[in-house]
Every structure is written in C-alpha cells, then in structure tokens.
Amino acid sequence: MAVLAIDYRLAPEHPFPAAVDDAVSAYRWLLNNNHEPQNITFAAYLAGASPRDSLVAPIYGDLKGLPPLLIQVGTAETLLDDARRLATRAIADGVVIDYQEWPDMVHVFQHFAPMINEGYAAIERIGEFAMSEALDNELENSVMDLRDTMLGRDPYTIPLDEIDVAQPALFQADAFWPFFDRLRKEDPVHYCKESQFGPFWSVTKFNDIMEVEGNPRVYSSADGISIAPVNTSALPVEMFIAMDEPKHGEQRKTVQNVVAPKNLAELEPLIKERVGTILDSLPVGETFNWVDRVSIELTTQMLATLFDFPFEDRRKLTFWSDVATTQPGPDGLVKTVEERRDVLLDCLKAFTELWNDRVNQPPRGDLISMLAHGEATRNMQPYEFLGNLMLLIIGGNDTTRNSISGGVLALNQNPNQYNKLRADPGLIASMVPEIIRWQTPLTSMRRTVTEDTQLRGKQFKKGDKVVMWYVSGNRDEEVIDQPYEFIIDRERPRHHLSFGFGIHRCMGNRLAEMQLRLLWEGIMERFDMVEVVGEPVRSLSTLIKGYTDLPVRLHPKKVA
Numbered sequence: 283m284a285v286l287a288i289d290y291r292l293a294p295e296h297p298f299p300a301a302v303d304d305a306v307s308a309y310r311w312l313l314n315n316n317h318e319p320q321n322i323t324f325a326a327y328l329a330g331a332s333p334r335d336s337l338v339a340p341i342y343g344d345l346k347g348l349p350p351l352l353i354q355v356g357t358a359e360t361l362l363d364d365a366r367r368l369a370t371r372a373i374a375d376g377v378v379i380d381y382q383e384w385p386d387m388v389h390v391f392q393h394f395a396p397m398i399n400e401g402y403a404a405i406e407r408i409g410e411f412a413m414s415e416a417l418d419n420e421l422e423n424s425v426m427d428l429r430d431t432m433l434g435r436d437p438y439t440i441p442l443d444e445i446d447v448a449q450p451a452l453f454q455a456d457a458f459w460p461f462f463d464r465l466r467k468e469d470p471v472h473y474c475k476e477s478q479f480g481p482f483w484s485v486t487k488f489n490d491i492m493e494v495e496g497n498p499r500v501y502s503s504a505d506g507i508s509i510a511p512v513n514t515s516a517l518p519v520e521m522f523i524a525m526d527e528p529k530h531g532e533q534r535k536t537v538q539n540v541v542a543p544k545n546l547a548e549l550e551p552l553i554k555e556r557v558g559t560i561l562d563s564l565p566v567g568e569t570f571n572w573v574d575r576v577s578i579e580l581t582t583q584m585l586a587t588l589f590d591f592p593f594e595d596r597r598k599l600t601f602w603s604d605v606a607t608t609q610p611g612p613d614g615l616v617k618t619v620e621e622r623r624d625v626l627l628d629c630l631k632a633f634t635e636l637w638n639d640r641v642n643q644p645p646r647g648d649l650i651s652m653l654a655h656g657e658a659t660r661n662m663q664p665y666e667f668l669g670n671l672m673l674l675i676i677g678g679n680d681t682t683r684n685s686i687s688g689g690v691l692a693l694n695q696n697p698n699q700y701n702k703l704r705a706d707p708g709l710i711a712s713m714v715p716e717i718i719r720w721q722t723p724l725t726s727m728r729r730t731v732t733e734d735t736q737l738r739g740k741q742f743k744k745g746d747k748v749v750m751w752y753v754s755g756n757r758d759e760e761v762i763d764q765p766y767e768f769i770i771d772r773e774r775p776r777h778h779l780s781f782g783f784g785i786h787r788c789m790g791n792r793l794a795e796m797q798l799r800l801l802w803e804g805i806m807e808r809f810d811m812v813e814v815v816g817e818p819v820r821s822l823s824t825l826i827k828g829y830t831d832l833p834v835r836l837h838p839k840k841v842a
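Anchor point for the sequence shown: position 521 equals 803 in my numbering, and the numbering is continuous, going up by one each time.
Next up, the structure:
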C-alpha cells in the first residue's frame, strides 16, 4: 500500500484555510496521477481549539455521501466528546462508521506502537479497515469472478486446492452436499486460497468443529462470525455473539432471561393460541406459500412479542433479517451494498425510537428494555445496538422459520417417516430436533485464529479465518448414524451442531424447539398431510440455509 504524507501549512503562520488548501491540492494531485478515488483512504489525527468552520470541524458540516469512516479515540482523550459527537453526526447523515473507543488511551496513542500493545493493535485495525473497504469496492464493481465457479461442476473432478464452498449459488441450488462429502473424506480441514471473501479454512467434521468452537481463546469471535469480512455486510455492526469473554458473557447475560424456563412456560399458551389461529386461517385444498403464511408469520409474531415491537409492523422484522443475511444482487431483496446499508439504518432508526421510549420507563421483560437498562448494554454505541438487534432478530427468526419449512419438505421427501408420524404423533418430541439437524438453518460460523496453532496437522497462522461448517458436521458419518437419512425417532436426536456449541451456543434453542413442537401438534390435530406441490425456492446466502417459497396444499384430517 503506497502512502502519501502531506506536510501541510499550519496556523498561526499560515492562517485558515491554508491547511485545507494543501490537503485539497494533494488530493487533486492523486487524481491527476491516475489514482481512482475509491482506492484512496484518508488518515489523520484531529485536534483543535474549538474550531467552528465545517471544513475544519466536520461535526458542523453536512456529511451525507461520505465514504465509510473509521474513528479511533482513547477514553482518556481530551477530545473524547468531540469524537462521540462526530460519530453521532455521521450516523445521522447515513455514513457507514466503525467507531472504536480504546480504554485508558490518550491522544494519538497510535504513535506509541513501539511501546504499547494498544498502539500496534489500533494500527492493525486501521489496516484491516482500509483493506476490507478495498475488498468491498472490488466486490461491488464485480472485479472478482469467483462467485459461481463451482455450480454445475462435479466436485470430484476439481483439484482439491481449487474447491471453494463459500458460494451462495451453491446453497441456493442445494448443490453443496457432494463438495462437503469430498472434503470430509479427503481434506476435512481445507484451505481455500481464493474466494469472493478472501482466503479461509473450512472445518467440515463434527468433532473438529466442536474442538474449534470449544476453544474461544485460540479461535476468536471478536473479528466477526460470518465468512464475509466485517465491512462487506454494509455496516460495521458489533454483537455479543461476535465478542470474546468477558464482554460476550456480560451482554448475553443481560438478555438470556427472556428465554428462561419460567418465561418459556408463560409463553407456551400464547404460542399455542397463535398456532391455532394461523392454521385455522389456511385455505384447505388450495395451493399457497407455506413460508409466508406459516413459517414467517408464526416466528414474526413471536419476535414482535419478545421485543414488544408494534405488532402491525411485525413484517419489518422479517424484512430486516432477510436483508441482513442474503446477498445483494439483481434478483435479491436489495440490489447493492449501499441499499442494504440504507435498509439497516432504517432498522436502527426504528429501534432507537423504541430504545428512547424504554430507557425512560421502568425496566420491563422485553428485549429492548433489557438492553436499555442492562449494566453491560445500556451504554452501547449505535452500531453495537444494531448488531445485537440483528443477532436477536436473525436468531429468533431464521432457525425456527426455516426449520418449520424444512420439516414440511423433509416429511414429503420421506413419506415413510410421515406415515410413522401419523401412526404415532407422540414422536413429535424427537422429530423436532431431527428436523433442526436435517435442515441446519445456520450453515456455518467463522472464527479468527489468535495465535499460531494446528488442527489435523494443518498449520493455522495468527489472523487466519476458520469457518466451521455446521451443515457438513451434521452429515458426518463418523458421528451420526445414517446422517443423510431423516429419522424422526432417532435415539439421540439432539446430538447435532445446529445450535452451535460452547459459550456461543444458541440461547433460544428451547424456544425454537417449543414453537416447532406446538406447531406440529396443531398440524397433526387438523390435517392429514401438508403436501408439497412444487419445487422450493431457496435463499441466496452462504450463512442461512433457508427458503423463500414452498408451495403446499393441505389435506384435511380423515374422519375415522
């Protein structure tokens, strides 16, 4: 990376706007020498004696249309309040911002990199920010032609070192299975040198995934949990699932009571009532989209209850979740990364209004109130708030919703199991976790290596990305008997990876299972069969293994 350092003129010898003029001249020189503006990153240490001109103090200017912004400030910095004001103003003007407060650090602490670890770490974060923005530009301009290179090819004819399983089109076509079969057999810890998301390691076997997930000290969540670099999600959000201890545990503890056994017992009658209302409204004998009428509706109603979100606007929750987890593109919900950013900023704005309402009221039992009043969460910065919101929305939506759809599809693909269920509806209890294993709604999670280590003889370097493919581990023949068979009366139905493992295990797993159980109890009371009458339409995502359309027809329960 080339660097241009500007020795600009300073006041009082050279009054304002001399310094600004010098900076503009340097930028024009770069443009005149064939440097594209999207490939230029500006870096500066900012200070001053309460300047008011917007060219010197951006908090007084219009920031709309600026490129992504990184702000690093120490909590012992004299100008800390100004940094916070700038971040707030940038967010209000729609700027993508990564705001970082470094505990106990002083002004220009980055200059002390030779003497303090924080200085080194801050400079590394600056480099990561610049490089990830450069990668975003490449992705947005379609410079990389690596997105669909596997689709339609026989995985056994591709050289191992060329296999790239992180391609959304593979998952949308449900064509990824043989790729993981080969990797589990021949190269269970596999290195992909080139992908649209950069280089990464794939961990494909059940016990190896548990080893990685069970060692958060070496395999960190702090640099992101999805295979995409942090900024390719359009906003640099932070969430407690993408944190290490102790911050992870402190923030998780704030909200986990919402799914405590006592609260689940109180929610069960409400869920059962809603299941009945939804199922009784369905058109028997007519074709309709099960995903929209049942899967989305039930989970979205539950989400609105957990957040105490306006019930009439509940479908916004699903929309925000879908935008956050699927790829922008010509056929996507949003076309560009910028459009995705705008949608997620709308989400942040809506929830900020609810936050401001709840924070001024006594603590309540909904998730927003818990976050607003929690010791570890009440001082969250806006994007951290958004990150935790998206985690809770996606976690409360996608696992349940796609397991509801996946369960219907699995029973139709395995009619002997549907017959077994009709003969003994008591098997619903063991069928529910088997559906979740079979579907594996969350395909994977990513970790970052914090120190040089190895797994199965493969050498990981500090900073390497390691992707744990749950969707592959749940088909591991060495751990799960007949993993490609859908068996509703398995002896150990909960022995799967769909909820993760260790400190990051999904805290809402029992709520998801309860919703599925109550739904299937309602289905079996009313209908002889939910028949799939067309091909499912799957999500374009490497993270969420889900559906957007599942055409079905209901058959009424036969009278004895």
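In this text, a Cβ means the ideal position worked out from N, Cα and C, and glycines have one as well. No experiment lies behind these values; they were computed from the predicted model shown.
Decide if residue i is buried, meaning its Cβ has at least 16 other Cβ atoms within 10 Å, or exposed.
i, result
"L292", "exposed"
"T618", "exposed"
"A369", "buried"
"Q695", "exposed"
"H778", "buried"
"G347", "exposed"
"K744", "exposed"
"I805", "buried"
"A284", "exposed"
"M397", "exposed"
"Q741", "exposed"
"M525", "Unreliable positioning characterises M525 in this predicted model, as indicated by a pLDDT of 42, which lies under 50. The coordinate reading is nonetheless provided below. Per the 10 Å Cβ criterion, buried."
"R640", "buried"
"W311", "exposed"
"P450", "buried"
"E817", "exposed"
"D758", "buried"
Does residue i come out as helix, strand or coil in the three-state DSSP assignment?
i, result
"T439", "helix"
"P697", "helix"
"Y290", "coil"
"F391", "helix"
"Y829", "strand"
"H655", "helix"
"S603", "helix"
"P340", "helix"
"M727", "strand"
"L467", "Correcting the residue type first, residue 467 is Lys in the shown sequence and not Leu. Looking at K467 - three-state DSSP - the assignment turns out to be helix."
"P385", "coil"
"G356", "strand"
"V494", "helix"
"T559", "helix"
"V378", "coil"
"C474", "strand"
"D810", "strand"
"P644", "coil"
"V834", "strand"
"S484", "strand"
"L822", "coil"
"Y309", "helix"
"V425", "Since pLDDT at V425 reaches only 32, below the 50 mark, its modelled position is unreliable, and no value is offered."
Assuming residue i and residue j are in contact, meaning their beta carbons sit under 8 angstroms apart, how far apart are those beta carbons, in whole angstroms?
i, j, result
"S508", "L825", "5 angstroms"
"S712", "R772", "6 angstroms"
"N701", "L585", "Their Cβ separation, rounded to whole angstroms, is 34 angstroms, which puts N701 and L585 out of contact at 8 angstroms."
"D375", "L351", "Incorrect: roughly 10 angstroms between the Cβ atoms, too far for contact."
"E468", "L442", "6 angstroms"
"F768", "A692", "5 angstroms"
"Y342", "S336", "5 angstroms"
Are residue i and residue j close, meaning C-beta to C-beta below 7 angstroms?
i, j, result
"S754", "I718", "no"
"L599", "I676", "no"
"S477", "T608", "no"
"T735", "V500", "yes"
"L850", "L465", "Limits of the chain in this structure are 283 at one end and 842 at the other, which puts residue 850 out of reach."
"A395", "I405", "yes"
"T682", "T830", "no"
"R820", "Q454", "yes"
"V338", "L737", "no"
"M750", "V485", "yes"
"T569", "R835", "yes"
"V690", "W572", "yes"
"Q699", "I770", "yes"
Regarding residue i and the ligand FAD, is the C-beta to nearest heavy atom distance less than 6 angstroms?
i, result
"Q382", "As for the ligand FAD, it is missing from this structure, which has no ligand bound."
**OP:** Jot down the residue ranges of each uninterrupted beta strand (DSSP E) in the region 565-609, minimum 3 residues, whole runs only, in chain order.
**Re:** 569-571
Subject >> Every unbroken beta strand (DSSP E) within the region 727-786, with a cutoff of 3 residues, ordered by chain >> reply: 735-737, 740-742, 747-751
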